[in-house]
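These notes concern the structure reproduced below.
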Amino acid sequence: MAQLMNEFKNIATIYDRFNDLSLYEEWLTFTLAHLDGPGYKVLDAACGTGYFTRMLAPFTKEIHGFDRDLAMLAANSDSNNEPLMNGQFFQADMLDLKSLASDYDLVTCYADSLCFLVDELSLRRALDQLYQRLVPGGLLLFDVWTPYQLTDYFADFSYHDQDDRGALLWDSQVDASQLRVQHQLTYYEQSVEDPRMYQRLKTALIERTYPMSTYLTLLQAVGFKSSRIKVTCDFSLDTYSPDQDKAAARWFFACYKEED
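If you read the sequence shown in this note's numbering, its first letter stands for residue 954, the second for the next number, and so on.
Printed below as a string of structure tokens:
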């Protein structure tokens, strides 16, 4: 299984409740801007609860969503969602996708999912596995945190939220020298049997990012040509410029596999 620094099982059932679901509309708009029509076979990597996969599905010929974490996939199944009419969900590890066909027109990997990999070697392996799933001319779309977002925005970050069933406490600590952040999440869930009682669940999620040069080097190392890699920022379609480095939260990559 992929070497990740995180376990999502303790927050899987509340992930969508406390996530900013409006961002998925922006990921959808960004994705559709790169598609010519509905004839794409799509692989959605690290799909989590499948929220985005389901949003994208009507615009595709066929779509598959996978995640390493069974609890996240179970949350998808337990949310009374109808089965995908043109696809399926399954467990898989983005570091070992050799059992999957290499016939996908589009591979997506959003929500900074690649930042949860433990080191640069794992990142390279994941990019290689995603590259290998593409048909010639196929497209890989993904995003990662910028170093600015990770070291500046998340420094001493603290966020609290609640709904009618519980409360979430989220605090982050940054190691700027390693471009690394640890998110400490504590969730209090109200008991169904006794509303006066709450269950406490805790998890730690660790993310890393890298300089732009590292991502570009790794993408070329796995097979993408530099001329076929476009970088933008924060859902924009405008080409990235280094003067955005102190403002952008996410880098977005659109990488085309060479035609045969």
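Virtual Cβ for every residue (Gly too), placed ideally from N, Cα, C. The model shown is predicted, which means the values in this text are computed figures rather than measured ones.
Exercise. By Cβ distance, which residues of its chain are closer than 7 Å to Q973, with the 5 residues on each side in sequence left out?
Worked result: Counted from its first residue, the sequence shown places residue 973 at position 20. Sequence check: residue 973 is Asp here, not Gln. Answer for D973: no residue qualifies.
Exercise. CA-CA distance, Q1197 and A1120?
Worked result: Translated into positions along the sequence shown, residue 1197 becomes position 244. Translated into positions along the sequence shown, residue 1120 becomes position 167. Q1197 and A1120: Cα-Cα distance of roughly 35 Å.
Exercise. For D1056 versus R1021, is the C-beta spacing smaller than 8 Å?
Worked result: For the purposes of this step, residue 1056 is taken as residue 103 along the sequence shown, with counting starting at 1. For the purposes of this step, residue 1021 is taken as residue 68 along the sequence shown, with counting starting at 1. Not closer than 8 Å, so no.
Exercise. E1146 to M1025, Cα distance in whole Å?
Worked result: If you number the sequence shown from 1, residue 1146 lands on position 193. If you number the sequence shown from 1, residue 1025 lands on position 72. So the two alpha carbons sit approximately 24 Å from each other.
Problem set entry | beta strand (DSSP E) segment containing D1128, residue limits | Counted from its first residue, the sequence shown places residue 1128 at position 175. In the DSSP assignment, D1128 falls within the unbroken beta strand (DSSP E) covering G1119 to D1128.
For this session: Sort T1013, Y1101, C1062 and P1100 by Cα distance to L1094 and report the nearest one.
Result: Against the sequence shown, residue 1094 aligns to sequence position 141. Nearest of T1013, Y1101, C1062 and P1100 to L1094, Cα basis: C1062.
Problem set entry | Supposed close pair D1049, Q1082 - CB separation, criterion 8 Å | Counting from one through the sequence shown, the residue named residue 1049 turns up at place 96. Counting from one through the sequence shown, the residue named residue 1082 turns up at place 129. Right, the Cβ-Cβ distance comes to about 7 Å (below 8 Å), so this counts as a contact.
Exercise. Rounded to a whole number of angstroms, what is the C-alpha to C-alpha distance between R1133 and D1187?
Worked result: Position 180 of the sequence shown holds residue 1133. Position 234 of the sequence shown holds residue 1187. Answer to the nearest angstrom: the Cα atoms are 20 Å apart.
Exercise. By a C-beta neighbour count over all protein chains shown, 10 Å radius and 16 as the cutoff for buried, is F1043 buried or exposed?
Worked result: Translated into the one-based positions of the sequence shown, residue 1043 becomes position 90. Classification for F1043: exposed.
Problem set entry | Beta-carbon contacts of D914 that lie in its chain and below 6 Å, excluding the five residues immediately before and after | For the chain, the structure presents residues 954 to 1213; residue 914 sits outside this window and is missing.
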